[in-house]
Amino acid sequence: MTHKLSSEVAFLDCIDRHFPNSHAHLIIGRGDDCAVLACPERICLSSDLFLEDIHFREQYFSPEDIGYKALAVSLSDIAASGATPLGFSLDLMIPEGRNPAYWDDFFGGMASLAQKYNVPLAGGDLSKSPILGTSVTIWGAPTRTAGGTPVFLSRTGCSEGDIIFLVGTLGLARTGLYALESIGRNAVDEYPAATSAHLRPVPQLEAGQLLSAYSGITLMDLSDGLARDLPRLLGEKTTASADKPSAKGASINITTDMLHAEQLSYALEKNLDPVLEAFKGGEDYALLGTCPASIFAELSVKLPQIQKLGIVTNNGKIIMNGQPVTEHGFDHFA
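Sequential numbering from 15 applies to the sequence shown in this note's numbering.
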């Protein structure tokens, strides 16, 4: 086996081994200047970067993990729209020093997720680079229509009294990240659930599609942590201190019985507040949303994993467990 793939053609052959080039949504697939897609009248579209030492570290991400998560984070955006993924394109930054087996593992991890959700790779671009990185662009179709109009869920439009809910885990990936950063890949054995939440997040596609059947839902991908994303869901003008409060705020409750045992044990070991760490979160790739109080009981039956976090208020403040919140959360440029 050679130390590296011998040519661009060899690299494309590697991709072809893992990703079929025919699909109901591909009229012309990879290999031409442009793919030609069979899409509905309206689609949702999203893109995500996934960069070495910004979003992942090769010290504890396997090649399969990197390929998997690069696609998973984009599928999570489709889930937040209540949509069905139709296809994706992949731009890949390729550093020296990775042998053919590495790329087979990388594409194998990505392809396993693509096959699970029947989403084809339509095309993309390759370039040599000093670091490993991906850019995935993904598109999806509406799951339902209303009066003939395609319906996509949005993060805007919540009302006072709406229930704030979560589908997925809260803060578990943060514990996984901490453990991986402190003890490396061995953390997978000590904290299997937490490290899996960070390395291999599960896109909540089925839940998003179910939620799209209801009116009055707002929904977003919880990727930057509840401290950062809850204000976005409320309209962004909401502040922690709220000297000039906006119209919408939130009263939420997070208790330790809502958290995984690994979060509690890690927090105890490191003398951290598990509730505050869960609120800060990050990389959860859960669904955060609101719904009218009148339909939450029905949603709880249809989605047993849904959790009530609190309610939307009209005072512009975020109150957690009875106390004003001062944590602003993650910001890429802070």
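C-beta atoms are modelled at their ideal positions from N, C-alpha and C, and glycine is treated no differently.
Nearest-angstrom Cβ-Cβ length linking residue i and residue j, presumed shorter than 8 Å
i      : j      : result
Val150 : Leu85  : 6 Å
Ala249 : Leu167 : For the record, residue 249 in the displayed sequence is Gly; it is not Ala. Contact doesn't hold; Cβ gap of about 16 Å is too wide.
Pro34  : Pro164 : Contact doesn't hold; Cβ gap of about 27 Å is too wide.
Ser36  : Gly43  : 6 Å
Leu140 : Ile108 : 6 Å
Leu236 : Leu301 : 7 Å
Gly123 : Glu72  : At roughly 13 Å, the Cβ-Cβ gap does not stay under 8 Å, so Gly123 and Glu72 are not in contact.
Gly185 : Glu110 : Not quite, the Cβ-Cβ distance comes to about 37 Å (not below 8 Å), so this is no contact.
Asn267 : Asn335 : 6 Å
Ala125 : His32  : 4 Å
Gly239 : Thr209 : Not a contact, Cβ separation roughly 18 Å.
Arg199 : Lys83  : Rounded, the Cβ-Cβ distance is 15 Å, inconsistent with contact.
Per-residue DSSP class, three states only, for residue i
i      : result
Ala94  : helix
Gln223 : helix
Gln129 : helix
Ser61  : strand
Glu22  : helix
Glu204 : helix
Asp176 : coil
Gly330 : coil
Pro215 : coil
Ile325 : strand
Ile29  : helix
Thr16  : Bear in mind that a pLDDT of 43 at Thr16, under 50, signals an unreliable position, so the model cannot answer this.
Leu233 : strand
Pro114 : helix
Val339 : coil
Leu240 : helix
Pro34  : coil
Thr170 : coil
Thr252 : Interpretation of Thr252 is limited by its pLDDT of 45, a score under 50 that renders its predicted location unreliable; the figure taken from the coordinates is listed afterwards. Thr252 falls in the coil class under three-state DSSP.
Leu186 : helix
Leu273 : coil
Ser76  : coil
Tyr228 : coil
Pro259 : Residue placement at Pro259 is flagged as unreliable, the pLDDT there being 47, under the threshold of 50; a coordinate-derived value is accordingly withheld.
Residues bridged to residue i (per DSSP)
i      : result
Asp105 : Asp139 and Ser149
Thr159 : Pro164
Asp46  : Arg44
Val315 : For Val315, which the question treats as bridged, DSSP gives no partner whatsoever.
Val181 : Leu301 and Ile320
Leu51  : Leu40
Ile266 : Gly324 and Met334
Glu245 : Note on identity: in this sequence residue 245 is Pro, with Glu being the wrong assignment. Beta-bridge pairing links Pro245 to no other residue.
Phe121 : Paired residue(s): none; Phe121 is not in a bridge.
Gly154 : Cys58 and Pro99
Phe70  : Glu66
For residue i, the nearest candidate out of the options (CA to CA)
i      : options                           : result
Pro306 : Thr98, Ala264, Gly123 and Ser173  : Ser173
Ala93  : Tyr131, Glu72, Asp105 and Arg56   : Tyr131
Leu225 : Ile309, Gly175, Lys262 and His37  : Ile309
Arg188 : Leu26, Ala241 and Gly171          : Ala241
Leu59  : Pro134, Leu278, Phe102 and Ala292 : Phe102
His212 : Lys294, Asp298 and Leu65          : Asp298
Tyr134 : Ile41, Thr304 and Leu317          : The sequence given here places Pro at residue 134; Tyr does not occur at that position. It is Ile41.
Leu233 : Leu247, Gly43 and Ala227          : Leu247
Ser61  : Ile152, His32, Gly122 and His37   : Ile152
Ile178 : Gly162, Ala311 and Ser90          : Ala311
Ser90  : Pro77, Tyr82, Asp67 and Gln218    : Gln218
Gly161 : Thr269, Leu106 and Ala227         : Ala227
Thr304 : Leu282, Ser265 and Asn329         : Ser265
Pro114 : Pro288, Pro338, Phe25 and Thr209  : Phe25
Glu100 : Arg31, Ala128 and Asp67           : Checking the displayed sequence, the identity of residue 100 turns out to be Leu instead of Glu. Ranking Arg31, Ala128 and Asp67 by Cα distance to Leu100 puts Ala128 first.
Phe121 : Asp27, Ile57 and Ser143           : Asp27
Ile333 : Thr148, Phe293, Lys316 and Val23  : Phe293
Asp105 : Asp67, Gly137, Tyr205 and Thr170  : Gly137
Met272 : Gln321, Asn200, Tyr192 and Pro245 : Gln321
Gly263 : Tyr280, Ser210 and Val326         : Val326
Gln319 : Asn285, Thr183 and Leu244         : Thr183
Gly230 : Asp176, Arg158 and Val315         : Asp176
Leu317 : Val216, Glu220 and His39          : Glu220
Ala275 : Thr170, Leu244, Val339 and Pro206 : Pro206
Pro245 : Thr340, Thr269, Ala52 and His39   : Thr340
Ser143 : Thr159, Arg112, Gly171 and Leu278 : Arg112
Interface flag, residue i vs chain B, CB-CB below 8 Å
i      : result
Leu104 : You won't find chain B in this structure, because it holds only one protein chain.
Contact test: residue i Cβ vs the ligand FAD heavy atom, cutoff 7 Å
i      : result
Asp271 : Looking for the ligand FAD in the displayed structure turns up nothing, as the structure carries no ligands at all.
Any chance you could list the alpha helix (DSSP H) runs of at least 4 consecutive residues sitting entirely within the stretch 278-313, in chain order? 288-294
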